[in-house]
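Working notes for the structure below.
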Amino acid sequence: MREISFRWLLNQRSLNLRSIVAGSASFSTIHASELADPTEFTSPGALMLTLGLVFRDDPEGFEHYAAALAAAGVHGIGFGTGLAFAEVPPVLTRACSQHHLTLFEIPRATRFVSITTAVAQEQARLENNAHFTFHRQQERLNHAAVSGIQALIDEASNQLSAAVAVASSSGAVLSQRDAEQLSAASAAVEAAEQTGRGTGTSTSTGATITSTFGSAGRRWAVAARRTEKFDSYSRALIRHLSGLASLLLDHPDGNNHAILGALALDAQLAGVDSPALHAAFHLIDSHDLVDVLYVTASTPSRLARTVSEIGKTEPHSFVRPEQDSALLMLPPGTATSHLFKKQSRYLRVSALRGVAWQELNPALLSSLQSHARSLPLGTVAAFDSAAPTWLAEPGVSEALGARRAATVSRLAAHDVQRNTELLATLRAFLVGNANLATAAAELGVHRHTVRARLDKVENLCGVDLSNPVTRAELLLLSIDS
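Numbering (our numbering) for the sequence shown: 3 to 483.
So, in structure tokens, the structure goes:
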């Protein structure tokens, strides 16, 4: 629970609390009990509310009561007057002063539940603020990581108000940022050199935290150090920092972001689960929501231009390119038709918006691919899960392999060798319900041109496009290719 200061509580005028003894500065939990010794049911850092009913006839018992609470780590006592006692007993005041317990009076008109409710609301507010701050800090680390390891370490030092360093198992300090005459370099070196310690583990001594990581025999450690202890959110931010550093140091190319994006998508599709992968996708959005696109283009060059333009518009996007298609992940809300600018008329795009990146798997990729290839050229459409996902199943793919090689694969090879558009024309014709005019409009050519290309398709593949069964077969093959 978040700590609440006694100063804040005593300043809540609606509660009419009166300070008696100033002891500990804050408390983390609040309990109400009329037991003579409630220590079994309390916790360190607690505030105890009581009416003192059990001591009505024995006020001297408050001395042992306060001593027991202090020994249990309780930070303060709120004493209710007007029922068992008209005022706070002097013996309790003396005992609280002796044991450094905060003591305040609760008037009869103030209900205990009013105090617990006010505290719960304030703790919720502080927790929400801390959660918001944490996500903002994650985003700042994500943005800094794009500029390299030193920028990442500098930003981490700023966000943690701590000295931060990263070192390799060879003893080299790769990057560091000191703070308040503190250095984390030696802690990072020591952690990285501990070969008996597994990667991905963290060691905390309160004010110093180290985290090791690495792959393929390489090993690094991140260390953070400051004068005060790290809270749970700071420790989570250090784990996030470790994941980002792992990504950068495993792939130190200048084009870090493009490499990390492709590798992150590959790792997710392969079923990998690691802090580094979570850190990678936080580069897109710290709340784990993304827009997923599957883009097919009329030519590889069109795809390259499209990916380049998207990279300029959305620099935090991830791309997994293929020959004439690509899987993209973008920040939520950015997958619109305006994203593709002048290239949109040469594309087929299936868009799945506002989904958790963890939902990406081979089955979903297959569905996106099938849906995109079933669209008319120049279409950006919301993902339709009704697309035939079974085409990607191993047995189906193997069974269709020979037929695909004799038809759509042959057309694709012809297009590459002769600079033609036979496969694109066949797809447009089939998706357009075998309508020449629809295909011609999509391709931007005359109907006679479409007819001539389809004649060539029939000759190359040995098929009859007037047969509806043949058209259905080729539609599935062309969508899956």
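Just so you know, even glycine gets a beta-carbon here, dropped at the ideal spot from N, CA and C.
None of the values given here were measured: they were computed from a predicted structure.
Cβ neighbours of L55 within its own chain (closer than 6 Å, five residues either side excluded): E36, A86.
If you ignore the 5 residues before and after A269, its C-beta comes within less than 7 Å of the C-beta of L279, all in its own chain and listed in chain order.
R406 sits away from L432, with the two beta carbons spaced by 7 Å or more. Proximity of the region 62-80 to the region 97-109 meets the contact definition, three or more beta-carbon pairs being nearer than 8 Å.
Nearest in C-alpha terms to A38, of all of I151, L51, Y296, is L51.
The beta carbons of L249 and L262 sit closer together than 7 Å. Separation of A415 and A426 (C-alpha to C-alpha, rounded to the nearest whole angstrom) is 12 Å. By the criterion of a C-beta distance shorter than 6 Å, L477 is surrounded in its chain by L432, once the five residues flanking it on both sides are discounted. Assigned with DSSP and collapsed to three states, E89 falls in coil, not helix or strand. It is roughly 7 Å from the alpha-carbon of L128 to the alpha-carbon of R4. Taking the CA atoms as reference points, L479 sits about 47 Å from R221. Sixteen is the threshold: when 16 or more other Cβ atoms of the shown chains lie within 10 Å of the Cβ of G434, as they do, the residue is buried. Every beta strand (DSSP E) stretch that sits fully inside the region 33-101 and reaches 3 residues is listed by chain position as 48-52, 78-82. Per the C-alpha coordinates, the member of R307, A132, F43 positioned closest to A238 is A132. When DSSP states are grouped into helix, strand and coil, D386 belongs to the coil group. L49 is a Cβ neighbour of F29, given a cutoff of 7 Å. Rounded to the nearest angstrom, the gap between the Cα atoms of D156 and Q178 is 8 Å. Closest by C-alpha distance to N18, out of L103, R113, V93, is R113.
In this structure, the alpha-carbon of H137 lies about 13 Å from that of S234. Within the DSSP bridge table, the entry for W222 names S170, F215 as partners. With distances taken between CA atoms, S171 lies nearest to S188 out of A164, S188, K344, A226. Minimum Cα-Cα distance from E324 among the listed residues P317, V309, H318, T338 corresponds to V309. Burial check for S163: the Cβ neighbour count within 10 Å stays below 16, so the residue is exposed. Straight through space, the alpha carbons of A174 and R227 are spaced by roughly 18 Å.
Within the model, the alpha-carbon separation for A353 versus A272 is close to 21 Å. L462 and R412 do touch by the CB rule: their CB atoms are close to 6 Å apart, below 8 Å. As computed with DSSP, L332 is found in a beta bridge with D293.
Between R355 and A383, the beta carbon gap of about 11 Å keeps them out of contact (Cβ cut-off 8 Å).
The straight-line gap separating the alpha-carbon atoms of I286 and T41 is approximately 48 Å. The residue among S346, K343, V292 with its C-alpha nearest the C-alpha of V321 is V292. Taking 7 Å as the cut-off, the Cβ atoms of G75 and F106 do not count as close. Non-local C-beta neighbours of H373 in its own chain, meaning closer than 7 Å and more than five positions away in sequence, comprise S352, F385, D386, A389, ordered along the chain.
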